[in-house]
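Residue numbers (our numbering): 173 to 812.
Beta carbons: idealized from backbone N, C-alpha and C, even for Gly.
Right, one structure below, let's go through it.
Okay, structure coming up:
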């Protein structure tokens, strides 16, 4: 004989036939539809005979059932106020300001549960972000919680390394993609981890900060050759990278190939990059549960890769990420035996001593009822397909089951990413029922969980720190400054202290776009070279010569094409104006005397001589007027 077990069925008869008024979003809708299909009345459903099961529905279950009574239906009255208050024993509701505090509160409750021997605790939530936050918070006590959903394969070390290395080659070794791959914990390139990291940092500081080098390994080698700070170790490191990535680079540089060709070359390169001084790359890359899952994934792709006949280099990384999406890794052992994180499906069939229902905001639990992009609601009904609200009914049934546990904690965040959130509709309905009963603090937590969470990270004592007022000894202060630095001295003395006494210098951002200062340097170099070639009379085709020099300087500066498209037309206007200006100026009797000339003035002071330096972009001479000092400015002219 076969039998069906129905969980959380409300067996009491409802007045006004509330049972027939149930809608898709009600927790009993699915059960009512099943019984109707079977031709069975509610009161005919037998009770499960087992120790611990009672024949009467609990007051808490009746409370929730009444709270969700359909509109227009009249339910049997609730038990008295005292019985209702008794039904609320063991329930605590905690409204937290942010998801971070909600996760910390949940983790603290789970940690406290472990103080009682054999006591278990489970977080039930559909919010994967909250689940990950709770797992991270539990790590502060060295607790590795059992998450039934597992970890996305793409977020494991081996799979992330595979995706980063694929993106690195597809992006032509762009600074961000290259550093993301080389700074991955698995990257060692056949060296010790420390030596590999040190050389990666040297590569970053010398070549990858500031304007982007030309694409590919050839671009890195050219940038290293042009950089005077590049040492032999860094050049050897770039050559080593070329050897490691060469097989995959050849495949990526070619025309469209079979997916398996890309995957095979990619795996060989990833294993070569993962090797260190002691272990081979395969042993490090495919180690552990996550490594085994990644290896199985790659093996499946190789078996099925023949179906993808033509794949381009730009499509390969995105295709790999898409195929990896949705794959999960679940560890076999090593998780805490008494703490769990469950999704709604897992929580249907099991229960812990303490049930924490987290993420109780509308559109999270229950989820948003999204309309089908293909079929309207009437069409879904005609085809016999469930309405979008059916998911809300299932989520409500899951909530009802967990809500009936002996000890329950309800948590939610009042704001997410700064946006106010609406509490779950079930919490609002429960609040309405309790308000009618005159019970205003029925769900309030008795313990100050939020205060305890804040106390975890609060220092024992704090003291105010005044703003820096550096007064270095006289012999440590700089005895030489440029005119520009003197201006900075008056405006921001701390900048002079940081640069000249502490020796701190700002570093350029990674892969930064050339800015106004870079454009000024380029224009300055062009004009300087033009004046070097034409110190006296201007040639007839002076503007053409200036534009030719400009093209050479732009090429040497390796300005990105997108930036040059804006800068070059502006330079053409500068060139036209400059040649006209030079013709007028030279006709007036001015003669270029010096370019890029440095000057210094030694001032005697109480602490000894102080040297003031300056550099003139250009000095012209006129027989009647004398010397004229000129400074090139491509930005806004100074106001004074």
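*How big is the Cα-Cα spacing for residue 206 and residue 177?*
Here residue 206 corresponds to residue number 34 of the chain shown, with the count starting at 1. Here residue 177 corresponds to residue number 5 of the chain shown, with the count starting at 1. Their backbone Cα atoms lie some 12 Å apart in a straight line.
*Between residue 569 and the ligand MN, is the CB less than 7 Å from at least one heavy atom?*
Ligands are entirely absent from the displayed structure, and the ligand MN is therefore not among its contents.
_Cα-Cα separation, residue 795 to residue 763_ = Here residue 795 refers to the residue found at position 623 of the chain shown. Here residue 763 refers to the residue found at position 591 of the chain shown. Each residue's alpha carbon lies about 9 Å from the other.
*Have a look at the DSSP bridge pairing and note the partners of residue 533.*
Locating residue 533 in the chain shown gives position 361, where the first residue counts as 1. When DSSP reads this structure, residue 533 sits in a beta bridge with 595.
*For the beta strand (DSSP E) containing residue 582, list its first residue and its last residue.*
The sequence position of residue 582 within the chain shown is 410, counting from 1. Looking at the DSSP string, the run of the beta strand (DSSP E) that includes residue 582 is 579-585.
*Compare the Cα-Cα distances from residue 789 to each of 770, 774, 797 and 775 and report the closest residue.*
In the chain shown, the residue the question calls residue 789 occupies position 617. That would be 770, whose Cα lies nearest to the Cα of residue 789.
*Which of helix, strand or coil does DSSP assign to residue 806?*
Translated into the one-based positions of the chain shown, residue 806 becomes position 634. Coil.
*Quick check: the region 544-556 against the region 312-322, are there 3 or more CB pairs under 8 Å?*
no
*Should the region 661-674 be called in touch with the region 332-352, which here means at least 3 C-beta pairs below 8 Å?*
no
*Distance, residue 351 Cα to residue 257 Cα*: By 1-based counting over the chain shown, the position of residue 257 is 85. By 1-based counting over the chain shown, the position of residue 351 is 179. For residue 257 and residue 351, the distance between alpha carbons rounds to 60 Å.
*When the Cα atoms are used, what is the spatial distance from residue 187 to residue 564?*
Numbered from 1 along the chain shown, position 15 holds the residue referred to as residue 187. Numbered from 1 along the chain shown, position 392 holds the residue referred to as residue 564. Its pLDDT being 48, under 50, residue 187 is placed unreliably by the model, and the measurement read from it follows with that caveat. So the two alpha carbons sit approximately 24 Å from each other.
*Three-way DSSP call (helix, strand, coil) for residue 188 in this model*: Position 16 of the chain shown, counted from the start, is the residue given in the question as residue 188. Since pLDDT at residue 188 reaches only 44, below the 50 mark, its modelled position is unreliable, and no value is offered.
*Report the residue from 588, 472, 341 and 461 whose alpha carbon sits nearest the alpha carbon of residue 442.*
Along the chain shown, read from residue 1 onward, the residue named residue 442 stands at position 270. It is 341 whose Cα lies nearest to the Cα of residue 442.
*Under three-state DSSP, which class holds residue 696?*
The residue given as residue 696 occupies position 524 in the chain shown. Looking at residue 696 - three-state DSSP - the assignment turns out to be helix.
_Using C-beta distances below 8 Å, list every residue in its chain close to residue 355, excluding the 5 sequence neighbours before and after it, in chain order._
In the chain shown, residue 355 corresponds to position 183, counting from 1. Correct list, in chain order: 369 and 372.
*Please state whether DSSP places residue 792 in a helix, a strand or coil.*
Taking the first residue of the chain shown as position 1, residue 792 is located at position 620. It is a strand residue.
*Quick one: Cα of residue 792 to Cα of residue 687, how far?*
Counting from one through the chain shown, the residue named residue 792 turns up at place 620. Counting from one through the chain shown, the residue named residue 687 turns up at place 515. Roughly 30 Å between the two C-alpha positions.
*Under the three-state DSSP convention, the category residue 770 falls into*: In the chain shown, the residue the question calls residue 770 occupies position 598. Strand at residue 770.
*Run of the alpha helix (DSSP H) containing residue 569, from where it starts to where it stops*: One-based indexing of the chain shown puts residue 569 at position 397. From DSSP, the alpha helix (DSSP H) with residue 569 extends over 562-575.
*Got a sec? Which residues, its chain only, sit under 7 Å from residue 798 by beta carbon, not counting five neighbours each side?*
The residue given as residue 798 occupies position 626 in the chain shown. If you ignore the 5 residues before and after residue 798, its C-beta comes within less than 7 Å of no other C-beta in its own chain.
*In three-state DSSP terms, what is residue 414?*
Here the question's residue 414 lines up with position 242 in the chain shown. Looking at residue 414 - three-state DSSP - the assignment turns out to be helix.
*Run through the region 363-411 for me and flag every whole alpha helix (DSSP H) of 4 or more residues, listed as ranges in chain order.*
365-375 and 388-398
*Within this structure, are the beta carbons of residue 194 and residue 568 separated by less than 8 Å?*
In the chain shown, counting from the first residue as 1, residue 194 sits at position 22. In the chain shown, counting from the first residue as 1, residue 568 sits at position 396. Going by C-beta atoms, residue 194 is not nearer than 8 Å to residue 568.
*Do you know how far the Cα of residue 386 is from the Cα of residue 741?*
Numbered from 1 along the chain shown, position 569 holds the residue referred to as residue 741. Numbered from 1 along the chain shown, position 214 holds the residue referred to as residue 386. Taking the straight line joining both Cα atoms gives about 23 Å.
*Is it true that the region 266-274 meets the region 495-515, where meeting means three or more beta-carbon pairs spaced less than 8 Å apart?*
no
*asked:* Could you tell me the alpha carbon to alpha carbon distance between residue 738 and residue 691, rounded to whole angstroms?
replied: Taking the chain shown and counting its residues from 1, the one referred to as residue 738 is at position 566. Taking the chain shown and counting its residues from 1, the one referred to as residue 691 is at position 519. Taking the straight line from one Cα to the other gives about 11 Å.
*Going by the CB atoms, is the gap between residue 403 and residue 345 shorter than 8 Å?*
Mapped onto the chain shown, residue 345 falls at position 173. Mapped onto the chain shown, residue 403 falls at position 231. Residue 403 is positioned such that its CB atom lies no closer than 8 Å to that of residue 345.
*Would you list the residues sitting across from residue 267 in a DSSP beta bridge?*
Along the chain shown, one-based indexing puts residue 267 at 95. Bridge partners of residue 267: 584.
*Which residues bound the beta strand (DSSP E) around residue 652?*
In the chain shown, residue 652 corresponds to position 480, counting from 1. It spans 652-654 - the beta strand (DSSP E) in which residue 652 sits, taken as one unbroken run.
*Could you give the residue range of the alpha helix (DSSP H) that holds residue 440?*
Translated into the one-based positions of the chain shown, residue 440 becomes position 268. Here the alpha helix (DSSP H) through residue 440 covers 431-446.
*Determine, using beta-carbon pairs with one atom in the region 674-682 and one in the region 708-724, whether at least three such pairs fall under 8 Å.*
Fewer than three beta-carbon pairs drawn from the region 674-682 and the region 708-724 are found closer than 8 Å, and the two stretches are therefore not classed as touching.
*Given a threshold of 16 other Cβ atoms within 10 Å of its Cβ, counted over all protein chains shown, does residue 533 qualify as buried or as exposed?*
Mapped onto the chain shown, residue 533 falls at position 361. Buried, because 16 or more other Cβ atoms sit within 10 Å of the Cβ of residue 533.
*Out of curiosity, what's the CA-to-CA distance linking residue 560 and residue 527?*
Locating residue 560 in the chain shown gives position 388, counting from the first residue. Locating residue 527 in the chain shown gives position 355, counting from the first residue. Cα to Cα, residue 560 sits roughly 28 Å from residue 527.
*Count the other CB atoms within 10 Å of the CB of residue 545; is the residue buried (16 or more) or exposed (fewer)?*
Along the chain shown, one-based indexing puts residue 545 at 373. That one is exposed.
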